[in-house]
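In our numbering, the protein residues as written are -8 to 273. Glycine included, every Cβ here is placed at the ideal spot set by N, Cα and C. These numbers were taken from a predicted model, which means no experiment stands behind them. Here is the structure we will look at, set down as structure tokens.
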């Protein structure tokens, strides 16, 4: 399942439907009481902060799902850098439709834009080095498709989408299996040749064990930069190396200098600061 690499707009339908059901299980009673069915309005989605815009197509899809007469005029493209006060999109049409979908659309694009902005910043920090910035599974429950899409828009790459997408042998698997060697060898016995095996290691002894067992990717967990430099030298391109463990608090440029191939950052999605965006009616 190439979920993380084939984003399509309808992938967000479940998120939008769920958000609308949560927000208005019985409709927008305020608009139903105060507005006539045919009343029209127009307005602008405006950024209230600098950042990377992500989720513009979700605005249109939200109103499509609700139904009713409306038009969207997109002013920017996904991934554009925007300054405070920038108009992202204009909307025209049914007041009831637009007011019913306003909060859902804003919540989703604000979160996605915040993730894209944080990802772009991380990518800029490692520019010029080999390391790629990757996400993790530390996403908001039921919003993983949105979160990982936003990482891609920000210039990062996706780690596995979920537990079913790849083999990642972590510390608890190793403890249960008895050793790095046992865990990797068991995985290689049963997994198809098309599936790569990643293993998490905490020291250079485990690194050597993972390399000897034939791991394809090795996650260097909470290692110092000096230790990661040694790991890169020992590995000598026999496997991809991923730096992990509170990377959001580290100097990413210094981490990239060690020569690792991937830097995975859970904070991109689990501690996101939403980009402030509002809908202002004319």
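From the DSSP output, which residues share a beta bridge with residue i?
i           : result
residue 210 : 191, 233
residue 78  : 37
residue 255 : 125
residue 270 : 36
residue 72  : 43
residue 83  : 33, 62
residue 148 : 125
Given that a residue counts as buried once 16 or more other Cβ atoms are within 10 Å of its Cβ, and exposed if not, what is residue i?
i           : result
residue 215 : exposed
residue 10  : buried
residue 238 : buried
residue 295 : Examination of residue 295 is not possible in this model, given that the chain is present from -8 through 273 alone.
residue 197 : buried
residue 174 : buried
residue 219 : buried
residue 13  : exposed
residue 93  : buried
residue 253 : buried
residue 124 : buried
residue 20  : exposed
residue 135 : buried
residue 170 : exposed
residue 225 : exposed
residue 334 : Because the chain in this structure spans residues -8 to 273, residue 334 falls outside the shown range and cannot be described.
residue 264 : exposed
residue 139 : buried
residue 53  : buried
By how many angstroms is the C-alpha of residue j removed from the C-alpha of residue i?
i           : j           : result
residue 46  : residue 159 : 30 Å
residue 133 : residue 152 : 12 Å
residue 106 : residue 41  : 13 Å
residue 142 : residue 148 : 7 Å
residue 261 : residue 131 : 7 Å
residue 221 : residue 251 : 11 Å
residue 271 : residue 84  : 14 Å
residue 36  : residue 80  : 5 Å
residue 154 : residue 34  : 42 Å
residue 18  : residue 58  : 13 Å
residue 114 : residue 200 : 31 Å
residue 273 : residue 86  : 12 Å
residue 27  : residue 88  : 12 Å
residue 76  : residue 32  : 21 Å
residue 7   : residue 189 : 34 Å
residue 2   : residue 51  : 14 Å
residue 16  : residue 120 : 49 Å
Which residue from the options puts its Cα closest to that of residue i?
i           : options           : result
residue 206 : 193, 195, 229     : 229
residue 257 : 55, 92, 129, 76   : 129
residue 108 : 185, 221, 259, 3  : 259
residue 240 : 227, 118, 255     : 255
residue 267 : 23, 97, 1, 92     : 97
residue 70  : 146, 94, 95, 209  : 146
residue 165 : 187, 125, 94, 191 : 191
residue 242 : 18, 112, 12       : 112
residue 30  : 95, 226, 60       : 60
residue 25  : 120, 126, 90, 155 : 90
residue 195 : 236, 223, 52      : 223
residue 116 : 54, 127, 247      : 247
Just confirm the distance between the C-beta atoms of residue i and residue j, as a whole number of angstroms; I'd bet it's less than 8 Å.
i           : j           : result
residue 100 : residue 72  : Rounded, the Cβ-Cβ distance is 15 Å, inconsistent with contact.
residue 211 : residue 245 : The Cβ separation is near 14 Å, so there is no contact.
residue 63  : residue 78  : Wrong, their Cβ atoms sit about 12 Å apart, outside the cutoff.
residue 137 : residue 103 : 6 Å
residue 150 : residue 185 : Rounded, the Cβ-Cβ distance is 18 Å, inconsistent with contact.
Checking contacts by CB at 8 Å: is residue i closer than that to chain D?
i           : result
residue 240 : This model lacks chain D altogether; it includes just one protein chain.
Would you say the beta carbon of residue i is closer than 7 Å to some non-hydrogen atom of the ligand GDP?
i           : result
residue 229 : With respect to small molecules bound, the structure shown includes none, and the ligand GDP cannot be examined in it.
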